[in-house]
Amino acid sequence: MTMDSLDAVRIRGLRKSYGELTALDGVDLTVGRGEVLALLGPNGAGKTTMVEILEGHRKADSGQVSVLGYDPGKRERGFRERIGIVLQEAGLDPTIKVREAIELYGAAYPNARPAQELLEIVGLGDRGEYRAADLSGGQRRRLDLALGLVGDPDLIFLDEPTTGFDPAARRQSWETIAQLRTLGKSVLLTTHYMEEAQRLADRVVVLAKGRIVAEGTPDELASNDATSIVSFREPAYHETLPLPDCASVERGIVTFRTATPTRDLAPLLEWAAGRGMELEHLSVTRPTLEDVYLDLTATEEVAA
Ligand SMILES: Nc1ncnc2c1ncn2[C@@H]1O[C@H](COP(=O)(O)OP(=O)(O)OP(=O)(O)O)[C@@H](O)[C@H]1O
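For the record, in the sequence shown the residue sitting at position 120 is 124 according to the numbering used here, with numbers rising by one throughout.
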């Protein structure tokens, strides 16, 4: 155990199978101190398995895992006190008051943060005397976050923190989570929302079928894809329209991906100009992180 380990999480060659099924197939991953890392991947990719191993709730078959310098498998007290796990819906007594819930959870930690300070951090400063049952769904999730922060952890695990939120509640939560960065916390966030990863994460790791298939900052991942997306409204009478083979038409919009947009557009523009026609709604865009993610995981989704 080295308390001063530089990285919050360090995983090398992590493997885990359930019988015949390989859930993690040799994963290497590092989360730096103070870094917010988003773990993305389709259903069944192995995200929960990995996070549970890091939290000490599951045993790996092989590989090295270090969390804040500890072996999580040993579940040492010092380790448990320095990580915060934000669950979706902690099993709270619905009649308990918000402040009481935080104090109750805090009693288990030597350096618990004061309840009011936590309430302010998560934007529930005026809800301390409310009963848990009387909070809205979004407020309830903010209470879950406060409970995960009560022991003043160095590393926080956030499991799909905004699943099921309306757009306004999601934005509020993002602001709260973004504050964790200003507190200097390391965060490992699992999510299915690209926009969430893009907003919150310093780095994104895409897991598919137990392997890391891509890794980088949100911008790097999106720009690693050298293709552009060309689209325009399908013109009437276009039998001779010179399109690349990969073009498709959906709901009257022609779309294709190309690494050579200038070359592919030239004959199209010539075709339209020769007929005195506009290619309506013509656009050439770069793929979004979501496009890249869907490409990376498309085959895995079908196979899953
Ligand atoms: N206790 C278990 N026993 C057997 N198989 C399991 C067990 N837990 C998970 N699996 C399988 O391991 C694979 C990885 O599951 P895991 O829950 O880690 O994926 P995930 O990426 O978290 O998925 P989701 O996005 O759906 O939560 C899946 O095929 C799952 O069915």
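Ideal placement from N, C-alpha and C gives every residue a C-beta, glycine not left out.
| query | result |
| --- | --- |
| Heavy atom of ligand 3 less than 7 Å from the Cβ of G50, yes or no? | With respect to ligand 3, the structure offers nothing, as its ligand set consists of ligand 1. |
| Would you say L43 and T166 are within 8 Å of each other, going by their C-beta atoms? | no |
| Output yes or no for whether 8 Å exceeds the beta carbon distance between P76 and E59. | yes |
| Quick check: is any heavy atom of ligand 1 less than 7 Å from the C-beta of T167? | no |
| May I ask you to report which of helix, strand or coil DSSP gives A307? | Low per-residue confidence applies at A307: pLDDT is 45, beneath 50, and the placement is therefore not dependable enough to give any value. |
| Is L96 near R86, with beta carbons less than 8 Å apart? | no |
| Can you find a heavy atom of ligand 1 that lies under 7 Å from the Cβ of A27? | yes |
| Please state if the CB of Q176 and the CB of G142 are separated by a distance shorter than 8 Å. | yes |
| Output the boundary residues of the alpha helix (DSSP H) element that contains I106. | 102-110 |
| Between the Cα of R19 and the Cα atoms of V13, A12, A27, which residue gives the shortest distance? | A27 |
| With a Cβ-Cβ cutoff of 8 Å, do I106 and V154 count as a contact? | yes |
| Got a sec: does ligand 1 put a non-hydrogen atom nearer than 7 Å to the Cβ of G30? | no |
| For L10, count the other beta carbons within 10 Å of its own beta carbon; 16 or more makes it buried, fewer makes it exposed. Which is it? | exposed |
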